[in-house]
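A.B. asks:
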Amino acid sequence: MPLCLLVGAGYAALQYSAQAPWSPRLNYALAALRLAVVSFLCFLLLAPFVKITTTRTEAPTVVLAVDNSQSVELFTPKPVLSQATTGLARLAETLRAKGFTVETRTLTPTPGRPARLDSLRFAAPATDLDQLLAGTREAYDGRNLAGVVLVSDGLVNQGRSPVYSAFNFPIYGVAVGDTIPKKDLRLTGLTYNRVAFSGNRFPIEAELSFVGFAGGAATVELRDGNRVLDSRRVAMPAGRRRVRTAFEITAPAPGKRRYEVRVVPQAGEFTELNNARTAFIEIVKGKLRVLLAGAAPHPDLKALRAAILANDNFDLTLALPGVAPLKAPADFDVAILHQLPAQGGLGNEILAQVKARRTPALYIIGAQSDLPAYNRLGTGLTIQPRGAQTDEVTPLPNPGFARFATDEESARRFAAYPPAPVPFGDLRLGAGAEAALWQQVGRVPTQKPLLVFGGPPDARQATLLTDGSWQWRLSEAVEHDDRPEAYDRLIIRTLQLLTQNANKKRLDVYPTQDAFGTQDDVTLGAETYNAVFERLYNQKIDLTLTDAQQQVRRFSFANPEDGSPLHLGPLPAGLYRYQARATLGGQAQQDVGELVVQAQPLEALESRADHNLLAQLARRSGSRLYYPTQFDKLAQDILQANYKPVISAEEDLKDLINLKWIFFVILAFLTVEWAVRKYSGSV
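The opening residue of the sequence shown carries number 8 in the numbering used here; numbering runs sequentially from there.
Laid out in structure tokens, this is it:
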């Protein structure tokens, strides 16, 4: 810095040492300006910087996590619930007065707006306390979270129990609800097949739970609309809490049917909200006939056979060349061709019958497959192998495939499957073909297809690129108590999709799942085709949705190329009929169908509060359980925990030369010097 001052002084001396036409005082002032500017410019060449330290103080935060489910209001005495809401407001005021930040969270958060205690509505249709607490943990990660006050009745009917999760903050449980069993009758479950065959008799079994009515009897009715189809007088023995009764009815004409099982209310019953359950059953003409044919015995055949026979909607015929030959003539609705066409022409007679009848087929590629012959079938997939190499892959759902949805549980099970071999090479999708599953190699997801749907609409075809799927079913059965539901559902949905739309519909609108809940976003997929059955996109489709009360809802949408469905939002429970219309290639097309929305009265199923769960959560976090009369004690305990504000400091280094105001100061100095010299020199 002295050197900078010396340079500035030398520059000023050279500039202002000569005789000037202005006064000596002004000359010294101008020299000082030049000294300051030159010295500071030299100083900037040394790259000086400024260190800025910002200190923030974050007060401790207490989150009021309120279980605003319907069961809290239904089964908590009104004076107790009023005392709880009033106590929460008083607790919030007390803590804020002591320097705490108090925020409220509920089961049903409003995006962009924090919950308010004065606008609490106990209307949530389900209780997921684990999600409420986990969401709080994520939202306040890295912040000064002192603790969570959890107000709940402890009843969990969705998600997993929060006692199995780890939370890094104290949980102060406040127990509401009533732990005294109430006199009540309720239907806790219905057991039935979702598909029945027209003209056949099928059962519906109901489970009746009772409290306070032991030794008596209840009347259980099976209804079709307002008509009572059957009635049972069910004894409720002492010493038991549940009984079962069954109805057997004859399936009517094909279509979706809605049946209600109802317990007739009795005197003294606490609530009638849980006295009825609804069964939605699809009546079909008959079973689908499936041909399962293979080039040779293989573990895959057993896995596929078990998956198909687990569903009563299918009749299965097994064919193996030289072992179980296919009898002619044979007619099937869909065929599964395992490693057919095969090398050496094995099983060609089976393949010829399938091709002659244009039967929809699922081709499974394996080591014995004749890939050149397969490529000539026009399935929508071309396989160009690179020698005999294989990749080891697991299935990965394609989110853009809308013909059937893959739920989160199935996706988790897919990810846990052992790797299966697929041909290594170039895999090319043809026009109109879609991949339902991608290949995942280790932990690396790829865009290579694993399960492909293609072929013409009147003879749809699918291809599974591995003969190792038997390992998937076996692994899933071991991990999930002999219930390989994800694998079986994949196979059944594949067969159902292959047998759909065989009537060459150019407009096909369909629900994306078999049944929706009242809280689900109801979605419909749509496909449109031109006159030669090539896929069309972005076509305007008008949809009319009619419920059982003949109330009509109208929608208009287009089917985009990414396959995203039409979102109708949540709908009330019931059976809905829809009619879709579109103009394709100048011709009017229409499609009709039905969708089912099921009521799920989860909050009315259990009236007895579970305060033990709240006590466990509090004890594990180092706290204790409180009741609505103990809010003052709760406030005192939180204050005595001596939660402190968190002081954080951030340092920021800035180069002095990057500060814009310095440029303008230097410019001002030079401007003043130039103006004074010009003015004084011209006098």
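Virtual Cβ for every residue (Gly too), placed ideally from N, Cα, C.
Please report how far the alpha carbon of GLY232 lies from the alpha carbon of ARG269, in whole angstroms.
C.D. replies: Rounded to whole angstroms, GLY232 to ARG269 spans 12 angstroms at the Cα level.
A.B. asks: Here's the rule: buried if 16 or more other CB atoms are within 10 angstroms of the residue's CB, otherwise exposed. What is HIS618?
C.D. replies: Buried, because 16 or more other Cβ atoms sit within 10 Å of the Cβ of HIS618.
A.B. asks: Figure out for me which residue from VAL529, GLY439 and GLY462 has the closest Cα to the Cα of GLY385.
C.D. replies: Of the listed residues, the one whose Cα sits closest to GLY385 is GLY462.
A.B. asks: When the Cα atoms are used, what is the spatial distance from GLU276 to GLU80?
C.D. replies: Distance between the alpha carbons of GLU276 and GLU80: 17 angstroms.
A.B. asks: Can you list, in chain order, the residues of its chain with a C-beta nearer than 7 angstroms to that of PRO55? Leave out the 5 residues immediately preceding and following it.
C.D. replies: Closer than 7 angstroms at Cβ, skipping near neighbours: LEU663.
A.B. asks: Three Cβ pairs or more, each shorter than 8 angstroms: is that satisfied between the region 403-412 and the region 373-384?
C.D. replies: The answer is no - the region 373-384 does not touch the region 403-412, with fewer than three Cβ pairs under 8 angstroms.
A.B. asks: Quick check on the burial criterion: 16 or more other C-beta atoms within 10 angstroms. Buried or exposed for MET8?
C.D. replies: Exposed: under 16 other Cβ atoms inside 10 Å.
A.B. asks: So, for GLU680: in the same chain, excluding its five sequence neighbours on each side, which residues have a beta-carbon less than 7 angstroms away from its beta-carbon?
C.D. replies: Only LEU37, LEU40 and ARG41 meet the Cβ criterion.
A.B. asks: Might you give, ordered along the chain, the residues of its own chain that have their beta carbon closer than 7 angstroms to the beta carbon of PHE408, omitting 5 neighbours on each side?
C.D. replies: Cβ within range, chain order: GLU441, ALA442, ALA443 and GLY570.
A.B. asks: Are the beta-carbon atoms of LEU591 and ASN537 separated by less than 8 angstroms?
C.D. replies: A contact, by the Cβ cut-off of 8 angstroms.
A.B. asks: Where does LYS85 fall in DSSP's three states?
C.D. replies: LYS85 falls in the helix class under three-state DSSP.
A.B. asks: Using beta-carbon positions only, say whether LEU192 and LEU215 come within less than 8 angstroms of one another.
C.D. replies: Yes, they are a contact pair.
A.B. asks: Look at ALA225 and GLN273 and say whether their C-beta atoms are less than 8 angstroms apart.
C.D. replies: For ALA225 and GLN273, yes; Cβs fall inside 8 angstroms.
A.B. asks: Give every residue of the same chain whose Cβ lies closer than 6 angstroms to the Cβ of ARG684, excluding the five residues on either side of it in the sequence, and list them in chain order.
C.D. replies: Cβ within range, chain order: n/a, list empty.
A.B. asks: Which parts of the region 489-525 are runs of the beta strand (DSSP E), unbroken and 3 residues or longer, counting only runs that do not cross its ends?
C.D. replies: Listed in chain order, the complete beta strand (DSSP E) runs (minimum 3 residues) inside the region 489-525 are 514-518.
A.B. asks: Keeping to the same chain, check which residues put their C-beta closer than 6 angstroms to that of THR61; ignore five residues upstream and five downstream.
C.D. replies: GLU657, listed in sequence order.
A.B. asks: Can you give me the C-alpha to C-alpha distance between ARG167 and ARG627, rounded to a whole angstrom?
C.D. replies: Using only the alpha carbons, I get a separation of about 17 angstroms.
A.B. asks: Can you give me the C-alpha to C-alpha distance between ALA96 and VAL156, rounded to a whole angstrom?
C.D. replies: Between ALA96 and VAL156, the C-alpha separation is close to 12 angstroms.
A.B. asks: What's the C-alpha gap between GLY219 and LEU612?
C.D. replies: When rounded, the distance between both Cα atoms is 16 angstroms.
A.B. asks: In this structure, how does DSSP classify TYR1 when only helix, strand and coil are distinguished?
C.D. replies: Shown here, the chain extends from 8 to 690; a query on residue 1 therefore has no answer.
A.B. asks: Quick one, which of ALA303, ALA302 and THR324 has its alpha-carbon nearest ARG312's?
C.D. replies: Out of ALA303, ALA302 and THR324, THR324 has the C-alpha closest to the C-alpha of ARG312.
A.B. asks: Who are the Cβ neighbours of PRO210 in its own chain at under 6 angstroms, not counting the five residues just before and after it?
C.D. replies: Cβ neighbours of PRO210 beyond the five flanking positions: ALA253 and GLU255.
A.B. asks: Tell me where the alpha helix (DSSP H) around ALA625 begins and ends.
C.D. replies: Where ALA625 is concerned, the enclosing alpha helix (DSSP H) stretches over 618-627.
A.B. asks: For VAL516, tell me which candidate among GLU486, VAL400, LYS58 and LEU552 has the shortest Cα-Cα distance.
C.D. replies: Cα-wise, what sits closest to VAL516 is LEU552.
A.B. asks: THR535 to LEU71, Cα distance in whole Å?
C.D. replies: Straight-line Cα distance between these residues: approximately 51 angstroms.
A.B. asks: From ALA130, LYS651, LYS455 and PRO577, pick the residue whose C-alpha is nearest to that of PHE431; which is it?
C.D. replies: When each option's Cα is compared against that of PHE431, the closest is LYS455.
A.B. asks: Assuming the contact rule is C-beta atoms closer than 8 angstroms, GLY206 and ALA173 should be a hit. Round their C-beta distance to whole Å, please.
C.D. replies: No, GLY206 and ALA173 are not in contact; Cβ-Cβ is about 56 angstroms, not under 8 angstroms.
A.B. asks: Could you tell me the distance, in whole angstroms, from the CA atom of ALA587 to the CA atom of LEU531?
C.D. replies: Roughly 11 angstroms between the two C-alpha positions.
A.B. asks: Quick one: grab the DSSP three-state call for ARG230.
C.D. replies: Note: ARG230 maps to strand in three-state DSSP.
A.B. asks: By Cβ distance, which residues of its chain are closer than 6 angstroms to LEU699, with the 5 residues on each side in sequence left out?
C.D. replies: Residue 699 lies beyond the residue range present for the chain, which begins at 8 and ends at 690; the question has no answer from this structure.
A.B. asks: Give the straight-line distance between the Cα atoms of ASP237 and ARG123, rounded to the nearest whole angstrom.
C.D. replies: Going by the C-alpha atoms only, they are around 49 angstroms apart.
A.B. asks: To the nearest angstrom, how far is it from the Cα of ALA380 to the Cα of ALA302?
C.D. replies: Rounded to whole angstroms, ALA380 to ALA302 spans 14 angstroms at the Cα level.
A.B. asks: Specify, as a first and last residue, the run of the alpha helix (DSSP H) that PRO392 falls within.
C.D. replies: Taken as a continuous stretch (DSSP letters only), PRO392 belongs to no alpha helix (DSSP H), being part of the beta strand (DSSP E) at 388-404.
A.B. asks: Thinking C-alpha only, which one of ALA104, PRO425, PRO306 and ASP137 is nearest PHE621?
C.D. replies: Position check: residue 621 holds Leu in this sequence, whereas Phe was assumed. The shortest Cα separation from LEU621 among ALA104, PRO425, PRO306 and ASP137 belongs to ASP137.
A.B. asks: What does the Cβ neighbour count give for HIS305, buried or exposed, with the cut at 16 atoms within 10 Å?
C.D. replies: That one is buried.
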